[in-house]
Every structure is written in C-alpha cells, then in structure tokens.
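Chemist: Here it is: the structure, laid out below.
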Amino acid sequence: MQKVTLQDIKGDPYVHSLIEAGNRHLAAIGYTEHGLRHVGLVSHIASNILEKMEHTERECELAAIAGYLHDIGNAVNRVSHAQTGAILAAGILERHGMHPEEIALIIGAIGNHDETDGNPVNCISAALILADKSDVHRSRVRNLDLVTFDIHDRVNYAVEKSFLRVYPKERVALELTIDTEICPVMEYFEIFLARMLLCRKAAGFLGTKFELKINEVKLL
Numbered sequence: 001m002q003k004v005t006l007q008d009i010k011g012d013p014y015v016h017s018l019i020e021a022g023n024r025h026l027a028a029i030g031y032t033e034h035g036l037r038h039v040g041l042v043s044h045i046a047s048n049i050l051e052k053m054e055h056t057e058r059e060c061e062l063a064a065i066a067g068y069l070h071d072i073g074n075a076v077n078r079v080s081h082a083q084t085g086a087i088l089a090a091g092i093l094e095r096h097g098m099h100p101e102e103i104a105l106i107i108g109a110i111g112n113h114d115e116t117d118g119n120p121v122n123c124i125s126a127a128l129i130l131a132d133k134s135d136v137h138r139s140r141v142r143n144l145d146l147v148t149f150d151i152h153d154r155v156n157y158a159v160e161k162s163f164l165r166v167y168p169k170e171r172v173a174l175e176l177t178i179d180t181e182i183c184p185v186m187e188y189f190e191i192f193l194a195r196m197l198l199c200r201k202a203a204g205f206l207g208t209k210f211e212l213k214i215n216e217v218k219l220l
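In terms of the UniProt record's numbering, the sequence shown is residues 1 to 220.
Structure representation (structure tokens):
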C-alpha cells in the first residue's frame, strides 16, 4: 500500500475522462457546470476546512481527493451519482494502491455528499458536503440567454460572490452576495434549503455551527 496523493489522482487520465464526461452529460440535460473548475474548487475548499480546524495533514489530503472525485458518478447518470461515484472511486483508488481504510473514508464521503440522501458520516464527508454546497456562483451558469433562465440559472447567476469562511471551533460561514434584481433571496431557499440543512448537519459533525449570510444579513 502507498500514500496516494491528490496529484496522483489529478494525473490519472481515466479520472479526467470521467469528470469531463459527467460535465458533458449534465450540460446535455441543462445542469450547471460540474467540470474541472467545480471539482478543483471543491477539492481545495474541503482540504482547507479540515486544515483550519486542525485535522491531520493526511485527513486534509483525503478530503482533497474526495472533493476531486466526488462527481465522477455523473459520467454514468445524475440519479444516484453519489453512490455510483463512490463505487467508481473505490476501483480507482485501489488501482493506485491506496490503503483500504483510506478508501473506505473517501467512498463514504462521496456516497453521502448529495442532499437527497446523504449524511455526514466522517470528517472527510462533512468537509466535502460543506465545500460542494458552497460552490454557487454565476460562473457555473451555461445558459447565456437570461430570458430562458429557469430558477437554478437565476439563483446561480444572481450570486456575484461566494465565500466559505472558517472560524475554527466557532462556525463555518457561507457568505453570499446576491443581486436581488435577478433573484430574490426566497428563491435561493426554494431550491437550496435541503443543501443548507445538510451543511448544518456537516458543521455539527465537525463540532461547529453553520452560518449563512446573504448580503451581510445572517439568515441561518
């Protein structure tokens, strides 16, 4: 067994192909961007969360790997993509020679990152949930015709700035700046309430609290 790194996974052409294929599939059915930009950002944020909360260097690396792999299941189907992705990730990580205990942590995180049926089950999982759900921003919107925007397009496009701020042992705060002329705050909650509730669970698992601030107003 060897200590597999994020760079090992980033350099795997099979992983790259799965991420790109998943992103194309979601584009075909009208979803926002889920490609290399998204997984790279989620990877970085997940690692940063655990680093700020003084977890081990290896746990931070595992969170980064989980973040990079978390959406590969979209290459198969959006439905149950978390569980499909976990199974795909297990084979990839085993091929790279990762220790089984570390594989188990990562696939548990990937398999539980979606708000429809996921729950924080370990620290890697909790960090992944917070990182994934914090990536809401107009840069993810593919549809450039504002007239044909659906609610998901409107909400994402309205977000001019998104930042997940970690206050160690105090709270994790998602800070959003929203153009309310494009989308009222209520529409954000209409489609993302389940995500925010899962973030609250994830923060609780890490022994802290989750806070949501929109346009400098604390809402959760």
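We put the CB at the ideal spot given by N, CA and C, even for glycine. No experiment lies behind these values; they were computed from the predicted model shown.
Taking the CB atoms as reference points, tell me whether D135 and V42 lie closer together than 8 Å.
Modeler: yes
Chemist: In the DSSP assignment, what are the bridge partners of F163?
Modeler: E175
Chemist: CB-CB under 7 Å to R154, same chain, minus the five flanking residues each way: which ones, in chain order?
Modeler: Listed in chain order, the non-local C-beta contacts of R154 below 7 Å within the same chain comprise I182, C183 and E187, local neighbours out to five positions each way being set aside.
Chemist: Give a yes or no on whether the minimum CB-CB distance between V136 and chain D is below 8 Å.
Modeler: Here there is only one protein chain, and chain D is not present.
Chemist: What is the residue span of the alpha helix (DSSP H) that L93 lies within?
Modeler: First-last of the alpha helix (DSSP H) with L93: H81 to R95.
Chemist: Under 8 Å between the Cβ atoms of I129 and H152?
Modeler: no
Chemist: Rounded to the nearest angstrom, what separates L93 and R195 at their Cα positions?
Modeler: 28 Å
Chemist: Starting from H214, trace the beta strand (DSSP E) both ways and give me its first and last residue.
Modeler: This sequence places Ile at residue 214; His is not what is there. Element bounds for I214: F210 to I214.
Chemist: In this structure, what does DSSP give as the bridge partners for V217?
Modeler: In the DSSP output, where bridge partners are listed per residue, V217 has I214.
Chemist: To which residues of the same chain is L50 closer than 7 Å at the C-beta, ignoring the five residues directly before and after it?
Modeler: E59, C60, A63, C123 and A127
Chemist: For R142 and I65, what's the separation of their Cα atoms in angstroms?
Modeler: Going from the Cα of R142 to the Cα of I65 covers about 26 Å.
Chemist: Hey, is the segment 69-79 in contact with the segment 16-27, meaning 3+ C-beta pairs nearer than 8 Å?
Modeler: yes
Chemist: Start and end of the alpha helix (DSSP H) containing V141?
Modeler: Premise fails: V141 is in no alpha helix (DSSP H) and is neither H nor E.
Chemist: Quick one: what's got a C-beta closer than 6 Å to A202's C-beta in the same chain, skipping five residues either side?
Modeler: P120, A126, I129 and L130
Chemist: Does DSSP classify S134 as helix, strand or coil?
Modeler: coil
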